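Undergrad: Residue numbers (this note's numbering): -8 to 94. Using N, Cα and C, we set each Cβ at its ideal position, and we do this for glycine too. Remember, it's a predicted structure, so these values are computed and weren't measured experimentally. What follows is a structure written as structure tokens; I'll ask about it next.
Laid out in structure tokens, this is it:
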């Protein structure tokens, strides 16, 4: 796995994502960017327990990467800065149908 930015390139990023995915981790941070790999199966990580777990937590090494952390960070920044926040979600270029967003 890449240990520093100097080690980060396409091959190490893809290998890191593969290893994390095989270990059951569908989310990975690359700096402040969250990468999600669709497992095409149910993961019990989308419920009120996880919302509370990530509420008022900083993005970082304490909790595993999760979309709820990104959402809470956006909400916190909106309140703190009193400005709208924009977060971008994209699908791979090859995605030509809505299928990639389903499991």
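Just to confirm my understanding: we take residue 11, look at its own chain, exclude 5 residues before and 5 after, and list those with CB closer than 7 Å. What are they?
TA: Closer than 7 Å at the Cβ level, and outside the excluded window around residue 11, lie 19.
Undergrad: With the cut-off set at 8 Å, would you say residue 54 and residue 67 are in Cβ contact?
TA: No, Cβ-Cβ distance for residue 54 and residue 67 is not below 8 Å.
Undergrad: Could you tell me which of 57, 64, 51 and 77 sits nearest to residue 36, measuring between CA atoms?
TA: If we check each option's Cα against that of residue 36, 57 comes out closest.
Undergrad: Return the first residue and the last residue of the alpha helix (DSSP H) that residue 42 is part of.
TA: Counting along the chain, the alpha helix (DSSP H) containing residue 42 begins and ends at 39 to 45.
Undergrad: Can residue 63 and residue 38 be called in contact, C-beta distance under 8 Å?
TA: Going by C-beta atoms, residue 63 is not nearer than 8 Å to residue 38.
Undergrad: Measuring CA to CA, which of 0, 74, 73 and 78 is closest to residue 59?
TA: The candidate whose alpha carbon is nearest that of residue 59 is 78.
Undergrad: For the beta strand (DSSP E) containing residue 25, list its first residue and its last residue.
TA: Residue 25 -> beta strand (DSSP E) spans 24 to 27.
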